[in-house]
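Chains as they are written, first to last, in this note's numbering: chain A, 2 to 113; chain B, 24 to 130.
Beta carbons: idealized from backbone N, C-alpha and C, even for Gly.
All figures in this text were calculated on a predicted structure; none of them were measured in a lab.
Step one of this worksheet: look at the structure below.
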């Protein structure tokens, strides 16, 4: 399966600032996915990042708040913009593997 | 109705016991099903895919019932290291995750 390197692993940020999370995959993948996992809850899909086209956002998530880049088939970034304490969560990227999907190790974000 | 629903547990079982739990899904057209394991503060990791005929991987057995739209996971001879949250995952045009079933195996 694909191996995904995600960074930063954690950060504490001031409200009103932005944080960019990076994911690097060790193989080329057509689609990458960004999820949020709030404490005690399961994963919620934020958007699908397609190489060569704009990301597709799920209901409740907008590009201005969560801009995504996908410059090539092995890399993607998610930015959490103008952060508020409600954005405190774990953010995970994912890519399809030979079987199922592989996840990055997650970014634990705390907004103060 | 949630797309994927799981019994949250927790299931607290002694070592060596058998534990089983289910997950239901709402989209009858869903084609692929997975069980993932998530340890505290870690990312989900694929435990096994679930095939129509049911499948087994060591101590783990997964079953799919399309008519009733549920999948199940059974763990035999539980080990302490099986303690985790087990996520039911269903794929149609996207992955949909259950909220997870927490299993704690005690010595």
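Residue i versus residue j - alpha carbon distance
i, j, result
"residue 6 (chain A)", "residue 40 (chain A)", "22 Å"
"residue 72 (chain B)", "residue 98 (chain B)", "15 Å"
"residue 49 (chain A)", "residue 41 (chain B)", "38 Å"
"residue 61 (chain B)", "residue 120 (chain B)", "12 Å"
"residue 32 (chain B)", "residue 3 (chain A)", "31 Å"
"residue 43 (chain A)", "residue 55 (chain B)", "18 Å"
"residue 127 (chain B)", "residue 111 (chain B)", "17 Å"
"residue 72 (chain A)", "residue 30 (chain B)", "40 Å"
Neighbour flag for residue i against chain A, beta carbons, 8 Å
i, result
"residue 81 (chain B)", "no"
"residue 44 (chain B)", "no"
"residue 38 (chain B)", "no"
"residue 117 (chain B)", "yes"
"residue 57 (chain B)", "yes"
C-beta atoms of residue i and residue j nearer than 8 Å
i, j, result
"residue 115 (chain B)", "residue 75 (chain B)", "no"
"residue 90 (chain A)", "residue 19 (chain A)", "no"
"residue 78 (chain A)", "residue 69 (chain A)", "yes"
"residue 95 (chain B)", "residue 85 (chain B)", "yes"
"residue 28 (chain B)", "residue 47 (chain B)", "yes"
Any chain B beta carbon closer than 8 Å to residue i
i, result
"residue 92 (chain A)", "no"
"residue 61 (chain A)", "no"
"residue 104 (chain A)", "yes"
"residue 28 (chain A)", "no"
"residue 64 (chain A)", "no"
"residue 17 (chain A)", "no"
"residue 47 (chain A)", "no"
Q | Contact between the segment 13 to 32 of chain A and the segment 35 to 46 of chain B (3+ Cβ pairs under 8 Å) | A | no
Q. Per the contact definition of three or more C-beta pairs closer than 8 Å, is the segment 93 to 110 of chain A in contact with the segment 80 to 99 of chain B?
A. no
Q) Is there contact between the segment 95 to 104 of chain A and the segment 95 to 111 of chain B, where contact requires at least three CB pairs shorter than 8 Å? A) no
Q) What residues in the segment 63 to 75 of chain B have a beta carbon less than 7 Å from any beta carbon of chain A? A) 66, 67, 69 and 72
Q. Of all the residues that make up the segment 91 to 124 of chain B, which are near chain A by a beta-carbon distance shorter than 7 Å?
A. Taking a C-beta cut-off of 7 Å against chain A, the contacting residues of the segment 91 to 124 of chain B are 110, 117, 118, 120, 121, 122 and 123, listed in chain order.
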